[in-house]
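Q: Please see the structure below; I have some questions.
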Amino acid sequence: MDPLRTLWETFFDWESMREALPEMLTVGLPNTLILAVTAALLGSALGIVLAVAGISRTRWLRWPARIYTDVFRGLPAAATILLIGVGLAPLGMQVWGPNPYPLGILALSLIASAYIGEIFRSGIQSVEATQLEAARALGFSWGEAMRMVIIPQGIRRILPAWVNQLIALIKDSSLVYFLGLLASQRELFRIGQDYAANTGNQSALLLAGLFYLALTVPLTHVVNWIDGRLRHGRPATGPAGDDPDDLDLALPGAAGGNQR
Amino acid sequence: MSRSVSLSLRDVHLAFGRHQVLRGVDLDVARGATTCVIGPSGSGKSTLLRTVNRLLEPDRGDVLLDGRSVLRDDPDALRQRIGMVFQQFNLFPHMSVLRNITLALRRIRKLGEDEAVAVAREHLDRVGLAAKADARPAHLSGGQQQRVAIARALAMQPQVMLFDEATSALDPELVKGVLALIADLSAQGMTMVVVTHEMGFAREVADTVAFMDAGVVLEADEPAAIFESARHPRLRRFLSQVL
Numbered sequence: 001m002d003p004l005r006t007l008w009e010t011f012f013d014w015e016s017m018r019e020a021l022p023e024m025l026t027v028g029l030p031n032t033l034i035l036a037v038t039a040a041l042l043g044s045a046l047g048i049v050l051a052v053a054g055i056s057r058t059r060w061l062r063w064p065a066r067i068y069t070d071v072f073r074g075l076p077a078a079a080t081i082l083l084i085g086v087g088l089a090p091l092g093m094q095v096w097g098p099n100p101y102p103l104g105i106l107a108l109s110l111i112a113s114a115y116i117g118e119i120f121r122s123g124i125q126s127v128e129a130t131q132l133e134a135a136r137a138l139g140f141s142w143g144e145a146m147r148m149v150i151i152p153q154g155i156r157r158i159l160p161a162w163v164n165q166l167i168a169l170i171k172d173s174s175l176v177y178f179l180g181l182l183a184s185q186r187e188l189f190r191i192g193q194d195y196a197a198n199t200g201n202q203s204a205l206l207l208a209g210l211f212y213l214a215l216t217v218p219l220t221h222v223v224n225w226i227d228g229r230l231r232h233g234r235p236a237t238g239p240a241g242d243d244p245d246d247l248d249l250a251l252p253g254a255a256g257g258n259q260r
Numbered sequence: 001m002s003r004s005v006s007l008s009l010r011d012v013h014l015a016f017g018r019h020q021v022l023r024g025v026d027l028d029v030a031r032g033a034t035t036c037v038i039g040p041s042g043s044g045k046s047t048l049l050r051t052v053n054r055l056l057e058p059d060r061g062d063v064l065l066d067g068r069s070v071l072r073d074d075p076d077a078l079r080q081r082i083g084m085v086f087q088q089f090n091l092f093p094h095m096s097v098l099r100n101i102t103l104a105l106r107r108i109r110k111l112g113e114d115e116a117v118a119v120a121r122e123h124l125d126r127v128g129l130a131a132k133a134d135a136r137p138a139h140l141s142g143g144q145q146q147r148v149a150i151a152r153a154l155a156m157q158p159q160v161m162l163f164d165e166a167t168s169a170l171d172p173e174l175v176k177g178v179l180a181l182i183a184d185l186s187a188q189g190m191t192m193v194v195v196t197h198e199m200g201f202a203r204e205v206a207d208t209v210a211f212m213d214a215g216v217v218l219e220a221d222e223p224a225a226i227f228e229s230a231r232h233p234r235l236r237r238f239l240s241q242v243l
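For the record, the sequence lines run as chains G and P.
According to full-length UniProt numbering, the first sequence is numbered sequentially starting from 1.
According to full-length UniProt numbering, the second sequence is numbered sequentially starting from 1.
Below is the structure:
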């Protein structure tokens with residue numbers, strides 16, 4: 001048989017793709033989004049805590065943040081997911097029952113937060129110290145100055161790096177399949193893999209890949225657009241009240257040393 | 001304008017590590033008076049200014065407003081009474097000009113949005129920049145940015161104003177407008193400490209000129225006395241270099 005034709009049929013068999021498509025759309029895509037979006041929110045929130053702890057003047061906040069970051073950034077994602085998903089499963093069983101999602105999401109969040117914390121920290125530290133001084137001189141407390149002046153500026157500077165991390169998270173969400181998923185719990189990758197295993201044809205896996213690209217590629221372009229807009233200001237300015245300038249990011253009590 | 005207060009520094013000492021920056025500064029600014037602080041780079045002028053609103057805490061000595069020590073006050077509350085203008089303007093670049101001014105009005109003074117905007121517009125108008133309310137700071141000239149920074153500080157109705165080389169970072173043609181604004185404020189009876197390299201300004205506007213060198217105020221007197229009959233040899237040498 002013509003080898004080119006074999007190759008084509010292995011990856012571009014429309015029939016296999018059409019067969020996998022409904023399940024990809026109704027089961028795989030929602031599940032991937034649940035995993036990625038929840039872990040992104042948790043990981044980013046935890047990342048802010050880590051970033052603020054990492055620049056704290058108290059070593060009792062700085063060191064734990066450092067160790068945490070080193071550990072979760074240094075382990076392979078698959079190892080962390082297995083360690084947490086399997087290791088904590090008996091505990092999770094009592095809280096959530098046999099659903100592997102909570103622990104999977106926890107593991108993904110912990111991994112993401114280690115990277116995101118470093119990204120946020122570099123962003124915060126890139127804001128000139130004089131900005132903090134100016135905010136403090138107006139009478140803002142350290143926490144208010146961080147929340148309204150420093151962090152919003154820092155986050156804008158690291159937006160592209162942050163989105164890179166969210167893209168990695170979308171891809172890493174496929175690793176929860178290690179924890180064993182029921183048919184209704186399968187995400188994009190697992191569904192593709194199952195079809196591929198059952199039919200011996202890789203087309204469904206390629207379809208899963210296209211789904212991932214459909215999620216990740218627009219994300220980079222959206223963030224580039226936002227980034228450009230933040231850099232050059234809004235084309236038209238609405239009334240001052242609508243200005244979402246001070247992102248009211250919840251800044252937990254981890255604020256640390258209260259600079260005077 | 002809210003009531004001005006008198007300001008006194010008593011024997012203020014401050015060290016960064018081993019480096020003794022302030023070595024016993026005494027300074028008195030009468031209510032409504034303007035004191036210009038002059039002196040060579042590294043003499044501690046900017047550091048001195050920051051001990052007044054406790055951005056830096058003195059190691060020793062006292063800071064008094066209307067004769068009362070402020071070193072035990074809540075520093076955030078103290079800073080709400082003292083306006084500060086910086087060499088590099090330090091506007092918040094991610095906010096519109098208007099928002100730069102309303103932020104502290106809303107969050108600290110707890111004004112409603114409408115009232116904060118009204119107060120901010122009034123102060124922008126006062127510095128001649130009402131038309132720039134919606135612009136981002138980056139789209140303004142240095143002189144305009146500094147005028148916004150002054151409006152931002154004044155909107156909080158401070159009892160004392162501190163200027164830290166407010167015109168040193170400006171292009172020469174922009175200096176005049178900002179100096180005129182500061183002089184105007186002085187004439188209206190704001191208590192002010194102005195660290196400056198503009199000797200002409202100090203001579204015309206100041207009630208008192210204080211000469212700092214190596215962490216102490218060596219000589220403080222009326223401008224005429226400082227510029228025409230300086231007693232201290234280091235002041236005479238400094239003046240011969242800058243005039």
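Where a beta carbon is used, it is the ideal one built from N, C-alpha and C, also for glycine.
Show which residues of chain P have a CB atom less than 7 Å away from the CB atom of residue 144/G.
A: Here residue 144/G corresponds to residue number 144 of the first sequence, with the count starting at 1. Ordered by position in chain P, the residues that pass the 7 Å Cβ test against residue 144/G are 107.
Q: From the beta carbon of residue 160/G, is the nearest beta carbon of chain P less than 7 Å away?
A: By one-based count along the first sequence, residue 160/G stands at place 160. Closer than 7 Å: no.
Q: Using a Cβ-Cβ cut-off of less than 9 Å, list which residues of the region 125-136 of chain G approach chain P; keep chain order.
A: 128, 130, 131, 133, 134, 135 and 136
Q: Output yes if chain G places a C-beta closer than 7 Å to the C-beta of residue 94/P; else output no.
A: Residue mapping note: residue 94/P aligns to position 94 of the second sequence, counting from 1. Yes - at least one Cβ of chain G is within 7 Å of the one on residue 94/P.
Q: Determine which residues share a DSSP beta bridge with residue 221/P and list them.
A: Here residue 221/P refers to the residue found at position 221 when the second sequence is read from its first residue. Bridge partners of residue 221/P: 209/P.
Q: Where residue 17/P and residue 79/P are concerned, what is the direct C-alpha to C-alpha distance, given to the nearest angstrom?
A: Taking the first residue of the second sequence as 1, we reach residue 17/P at position 17. Taking the first residue of the second sequence as 1, we reach residue 79/P at position 79. Going by the C-alpha atoms only, they are around 25 Å apart.
Q: What number of angstroms, rounded off, separates the C-alpha of residue 241/P from the C-alpha of residue 217/P?
A: Looking up residue 241/P in the second sequence gives position 241. Looking up residue 217/P in the second sequence gives position 217. Straight-line Cα distance between these residues: approximately 19 Å.
Q: Give the DSSP bridge partners of residue 202/G, in chain order.
A: Counted from its first residue, the first sequence places residue 202/G at position 202. Residue 202/G is not bridged to any residue.
Q: Would you say residue 145/P reaches chain G, if we count a Cβ-Cβ gap shorter than 7 Å as a contact?
A: Locating residue 145/P in the second sequence gives position 145, where the first residue counts as 1. Not an interface residue.
Q: Quick check on the DSSP output: what are the complete alpha helix (DSSP H) runs of length 4 or more inside the region 68-138 of chain P, in order along the chain?
A: 75-79, 97-107 and 113-126
Q: Check residue 24/P in the structure and name its three-state DSSP category.
A: Against the second sequence, residue 24/P aligns to sequence position 24. In the structure shown, residue 24/P sits in a strand (DSSP, three-state: E or B).
Q: In this structure, how does DSSP classify residue 73/G when only helix, strand and coil are distinguished?
A: In the first sequence, the residue the question calls residue 73/G occupies position 73. Three-state DSSP puts residue 73/G in a helix.
Q: Answer yes or no: do residue 174/P and residue 150/P have a C-beta to C-beta separation smaller than 7 Å?
A: The residue labelled residue 174/P in the question sits at position 174 within the second sequence. The residue labelled residue 150/P in the question sits at position 150 within the second sequence. The answer is no: Cβ separation not under 7 Å.
Q: Closer than 9 Å by beta-carbon distance: list the chain G residues that pair up with residue 156/P, in chain order.
A: Stepping through the second sequence from its first residue, residue 156/P is reached at position 156. Simply 138 and 139.
Q: What residues are listed by DSSP as bridge partners for residue 248/P?
A: A query on residue 248/P cannot be resolved here, the shown segment of chain P reaching from 1 to 243 and no further.
Q: Can you determine whether any heavy atom of the ligand ZN sits closer than 6 Å to the C-beta of residue 13/P, and answer yes or no?
A: Ligands displayed in this structure: none; no statement on the ligand ZN is therefore possible.
Q: In chain P, which residues lie less than 8 Å from residue 148/G when you measure between Cβ atoms?
A: Working through the first sequence from its first residue, we reach residue 148/G at position 148. Within 8 Å Cβ-Cβ: 103 and 107.
Q: Could you give the distance in angstroms between the alpha-carbon of residue 4/G and the alpha-carbon of residue 61/G?
A: If you number the first sequence from 1, residue 4/G lands on position 4. If you number the first sequence from 1, residue 61/G lands on position 61. Going by the C-alpha atoms only, they are around 59 Å apart.
Q: Counting Cβ pairs closer than 8 Å, one from the region 43-60 of chain G and one from the region 170-189 of chain G, do we hit at least three?
A: no
Q: List the residues that DSSP assigns as beta-bridge partners of residue 15/P.
A: Locating residue 15/P in the second sequence gives position 15, where the first residue counts as 1. 20/P, per the DSSP bridge assignment.
Q: DSSP puts residue 222/G in a beta bridge; with which residues?
A: Walking along the first sequence from the start, residue 222/G turns up at place 222. BP columns for residue 222/G are empty, so no partner.
Q: Would you grab the beta carbon distance between residue 70/P and residue 193/P for me? Rounded to a whole angstrom, and I think it's under 8 Å.
A: Residue 70/P sits at position 70 when you count from the first residue of the second sequence. Residue 193/P sits at position 193 when you count from the first residue of the second sequence. Contact doesn't hold; Cβ gap of about 14 Å is too wide.
Q: Could you tell me the distance, in whole angstroms, from the CA atom of residue 239/G to the CA atom of residue 142/G?
A: As a working note, residue 239/G is residue 239 in the first sequence. As a working note, residue 142/G is residue 142 in the first sequence. Interpretation of residue 239/G is limited by its pLDDT of 40, a score under 50 that renders its predicted location unreliable; the figure taken from the coordinates is listed afterwards. Cα to Cα, residue 239/G sits roughly 28 Å from residue 142/G.
Q: Could you tell me which of 66/P, 63/P and 86/P sits nearest to residue 131/G, measuring between CA atoms?
A: As a position in the first sequence, residue 131/G is number 131, starting the count at 1. Minimum Cα distance to residue 131/G is reached at 86/P.
Q: The alpha helix (DSSP H) spanning residue 177/P covers which residue range?
A: If you number the second sequence from 1, residue 177/P lands on position 177. Its alpha helix (DSSP H) spans residues 172-187.
Q: Helix, strand or coil for residue 66/P, going by three-state DSSP, please let me know.
A: Stepping through the second sequence from its first residue, residue 66/P is reached at position 66. Correct three-state label for residue 66/P: coil.
Q: What would DSSP say about residue 59/G, mapped onto helix, strand or coil?
A: Here residue 59/G corresponds to residue number 59 of the first sequence, with the count starting at 1. Of the three classes helix, strand and coil, the one that applies to residue 59/G here is helix, per DSSP.
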